[in-house]
Structures are given as structure tokens and as C-alpha cells.
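A.B. asks: In numbering that gives the first Met the number 0, the protein residues as written are 0 to 248.
For reference, the structure I am asking about is given below.
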Amino acid sequence: MQYGCKDLTVVISGGTSGIGLATARLLLRDGAKVYLLGRSQSRGRQALAQLEQETGAKAVYLPCDVTETEACRQAISRIEGNVDILIHSAGVYLEERLEQLSEASYSKIMDTNVKGVLLLTQAALPRLYTGGSIVTIASDAGISGNYGCPLYCASKGALVALTKALALDLAPHIRVNCICPADVQTPLLTRQLEACGASYTLEEMAADYPLLRIGRAEEIAHVICSVAAPANSFMTGSIIAVDGGLTAK
């Protein structure tokens with residue numbers, strides 16, 4: 000698959016696993032220069048080795064906690080030249096009902112899923128050249144809500160609104176779009192299933208979808224790359240569901 004991103008500089012937060020890592024793989028194959036941002040240096044090293052083995056190309060890992068202003072600034076400062084594409088894939092999930100929520104829960108979810116996008120975008124803004132592209136990763140839960148995770152839904156709904164606001168503020172020079180996946184087979188989903196205490200299974204989740212399965216990280220990554228690519232230069236402020244038909248029900 001050709002996305003037209005050859006020689007472009009791409010920064011991916013949360014790029015060491017899941018959707019972020021799958022996106023990095025496609026962009027490296029397309030000839031882009033890819034920087035992976037993440038908190039865990041060990042996962043960063045593993046991701047670089049995996050990507051080089053799979054694509055024959057080398058990415059760059061930069062340690063970064065997107066919830067900290069200085070960490071975002073330092074990571075961006077280590078990038079050579081301009082940033083052509085910024086992809087916000089860092090995110091956390093928490094399944095707690097309203098009566099269980101605490102201030103600590105609020106901070107954990109909102110700091111990563113919302114504040115992290117704001118801080119990293121702010122740090123990268125001076126390096127995004129005219130015609131740059133930003134892609135945020137929200138969720139079907141930010142469009143239609145979901146059971147048992149009101150705070151997560153609120154954070155992803157905020158990200159949907161933030162994407163639209165940034166698309167207006169940064170036009171006409173920088174495009175901002177949002178991808179909203181449903182359940183995807185990633186380490187994040189594995190942790191979710193472990194945390195639910197066997198109250199539901201992967202098979203039960205899949206049965207809720209019109210396509211009768213959950214997504215694959217590569218399927219979401221393909222849409223991210225397509226939206227971020229220069230060929231989609233007239234798309235901004237768009238909220239795109241990639242959810243196996245879940246929000247069409």
C-alpha cells in the first residue's frame with residue numbers, strides 16, 4: 000500500500016504498541032521517517048527491533064510522558080527538522096462505573112487521553128510545516144457512549160470535540176482529523192479483558208458487531224495513514240468511525 004508519505008517525518012505518541020506500532024509499520028514501509036514516543040524504554044527498544052525486522056527500516060524511539068509539558072518539549076526538540084505528521088495514539092482505558100470513580104481515576108484518564116494530546120500538539124506546533132497533518136485517536140465510545148466506563152467515554156468525547164476545535168484554529172495550514180475505532184485486538188484490550196474479572200469474553204464482545212468480530216490494529220492503522228497522507232489534503236475536522244458497524248446500530 001502506497002500512502003505518499005516517503006521522506007515525511009512522522010511522530011507517533013504511544014507508538015511502541017498496539018495501533019501506534021501498527022501505524023509505524025505501515026509508514027516505515029511507505030518510506031517515512033518515524034519517531035515513536037512512549038514512557039517505557041524497554042518497550043521502545045523492543046518496538047524498534049520488531050519494526051526493523053519486519054520492514055528493514057529503522058525508526059527512532061524517544062522517551063516521553065505526554066502528560067508532562069517538559070517531557071513533550073524535550074522529545075520534540077530531539078526531532079530533526081520539521082514534523083509533517085503527528086499521530087496521537089497514546090491512551091488509557093478504565094472500566095469503572097460512576098459510583099466507583101475517584102479523583103485519581105479522573106486524573107489518570109483525562110491527563111493521558113485529553114491533556115496529553117493538548118501538550119504534545121502544543122510542543123510540536125512550531126515544527127509542523129505548512130500543510131502538516133494531525134490525527135487523533137478517539138473511540139466509538141466518544142461518539143455513542145458505552146456501558147460501565149463513563150469517564151473513558153467523556154475523555155474520548157472531549158477528544159472528538161477537541162479535534163474539531165483544532166481543525167478550525169489551525170486551518171488553513173494544518174489539518175486535524177480523528178479516527179474512532181471500536182474494540183481492537185491490542186495489548187490494551189488484553190488488559191481490559193483481564194481487568195473485567197471474566198464478566199465478559201472476547202467472543203461475547205465480537206457478537207455485538209454487525210461484522211461479528213473485533214478489529215485488527217493493521218485495519219485501524221491503514222485508515223490513520225490514509226487520512227494523514229498528503230493525498231487527503233481537503234479533509235480536516237472529520238470524525239471517522241472504524242468500528243465494524245457498531246455505531247450504525
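Note that the Cβ used here is the ideal one computed from N, Cα and C, for glycine as well.
Source: prediction; values computed, not measured.
Rounded to whole angstroms, what is the Cα-Cα separation between SER104 and LYS114?
C.D. replies: Position 105 of the sequence shown, counting from 1, holds the residue named residue 104. Position 115 of the sequence shown, counting from 1, holds the residue named residue 114. So the two alpha carbons sit approximately 14 Å from each other.
A.B. asks: I'd like to know whether the C-beta atoms of ALA227 and VAL134 end up nearer to each other than 8 Å.
C.D. replies: Residue numbering aside, residue 227 sits at position 228 when the sequence shown is read from its first letter. Residue numbering aside, residue 134 sits at position 135 when the sequence shown is read from its first letter. Closer than 8 Å, so yes.
A.B. asks: Could you tell me which residues DSSP pairs with HIS87 in its beta bridges?
C.D. replies: In the sequence shown, the residue the question calls residue 87 occupies position 88. According to DSSP, HIS87 bridges with SER12, THR135.
A.B. asks: Taking the alpha carbon of LEU187 as the point to measure from, which residue in GLY90, ASP29, ARG38, MET0 has its own alpha carbon closest?
C.D. replies: On the sequence shown, position 188 is the one that residue 187 refers to. The shortest C-alpha separation from LEU187 is found at GLY90.
A.B. asks: Go to ARG28, then tell me how far its alpha helix (DSSP H) extends in each direction, as first and last residue.
C.D. replies: The residue given as residue 28 occupies position 29 in the sequence shown. Counting along the chain, the alpha helix (DSSP H) containing ARG28 begins and ends at 17–28.
A.B. asks: So who's on the other strand from CYS179, going by DSSP bridges?
C.D. replies: Counted from its first residue, the sequence shown places residue 179 at position 180. Beta-bridge pairing links CYS179 to ALA240.
A.B. asks: Alpha carbon to alpha carbon, how far is MET0 from GLY30? Give it in angstroms, no decimals.
C.D. replies: As a first step, residue 30 is located in the sequence shown; it is residue number 31 there, counting from the start. As a first step, residue 0 is located in the sequence shown; it is residue number 1 there, counting from the start. C-alpha separation (whole angstroms): 11 Å.
A.B. asks: Is it buried or exposed for SER12, if we count other Cβ within 10 angstroms and need 16 for buried?
C.D. replies: Within the sequence shown, numbered from 1, the residue matching residue 12 stands at position 13. Classification for SER12: buried.
A.B. asks: Count the other C-beta atoms from every protein chain shown that fall within 10 angstroms of the C-beta of CYS4, then say buried if there are 16 or more, exposed otherwise.
C.D. replies: Along the sequence shown, read from residue 1 onward, the residue named residue 4 stands at position 5. CYS4 comes out buried.
A.B. asks: If contacts are defined as beta-carbon pairs under 8 Å, then VAL159 and GLY144 qualify, I think. What distance do you get, rounded to the angstrom?
C.D. replies: As a position in the sequence shown, residue 159 is number 160, starting the count at 1. As a position in the sequence shown, residue 144 is number 145, starting the count at 1. VAL159 to GLY144, Cβ: 12 Å. No contact.
A.B. asks: Please classify CYS195: is it buried, with 16 or more other beta-carbons within 10 angstroms of its beta-carbon, or exposed?
C.D. replies: For the purposes of this step, residue 195 is identified with residue 196 of the sequence shown, where counting begins at 1. Under this definition CYS195 is an exposed residue.
A.B. asks: Closest by CA to ASP6, which one among GLN73, ILE75, ILE84?
C.D. replies: For the purposes of this step, residue 6 is taken as residue 7 along the sequence shown, with counting starting at 1. Minimum Cα distance to ASP6 is reached at ILE84.
A.B. asks: How long is the line joining the alpha carbons of ALA157 and ILE75, rounded to whole angstroms?
C.D. replies: Here residue 157 corresponds to residue number 158 of the sequence shown, with the count starting at 1. Here residue 75 corresponds to residue number 76 of the sequence shown, with the count starting at 1. Roughly 24 Å between the two C-alpha positions.
A.B. asks: Using the Cα positions of ILE18 and ALA58, report the straight-line distance between them to the nearest angstrom.
C.D. replies: Taking the first residue of the sequence shown as 1, we reach residue 18 at position 19. Taking the first residue of the sequence shown as 1, we reach residue 58 at position 59. When rounded, the distance between both Cα atoms is 16 Å.
A.B. asks: Can you tell me which residues form a DSSP beta bridge with LYS163?
C.D. replies: Residue numbering aside, residue 163 sits at position 164 when the sequence shown is read from its first letter. DSSP, once it has assigned bridges, lists no residue as partnering LYS163.
A.B. asks: With C-beta atoms as the reference, is ASN176 less than 8 Å away from THR235?
C.D. replies: Here residue 176 corresponds to residue number 177 of the sequence shown, with the count starting at 1. Here residue 235 corresponds to residue number 236 of the sequence shown, with the count starting at 1. Cβ distance < 8 Å, so ASN176 and THR235 count as in contact.
A.B. asks: With DSSP as the reference, label THR200 as helix, strand or coil.
C.D. replies: Here residue 200 refers to the residue found at position 201 of the sequence shown. It is coil, neither helix nor strand.
A.B. asks: Nearest CA to the CA of TYR151: which residue from ALA137, TYR60, ARG174?
C.D. replies: In the sequence shown, counting from the first residue as 1, residue 151 sits at position 152. Here the closest residue by C-alpha is ALA137.
A.B. asks: For ASP242 versus PRO171, is the C-beta distance shorter than 8 Å?
C.D. replies: As a first step, residue 242 must be located in the sequence shown, where it is residue number 243. As a first step, residue 171 must be located in the sequence shown, where it is residue number 172. Result no, Cβ atoms of ASP242 and PRO171 do not sit closer than 8 Å.
A.B. asks: My assumption, with CB atoms under 8 Å, is that THR15 sits in contact with SER39. Please give the rounded CB distance.
C.D. replies: Indexing the sequence shown from 1 puts residue 15 at position 16. Indexing the sequence shown from 1 puts residue 39 at position 40. Right, the Cβ-Cβ distance comes to about 7 Å (below 8 Å), so this counts as a contact.
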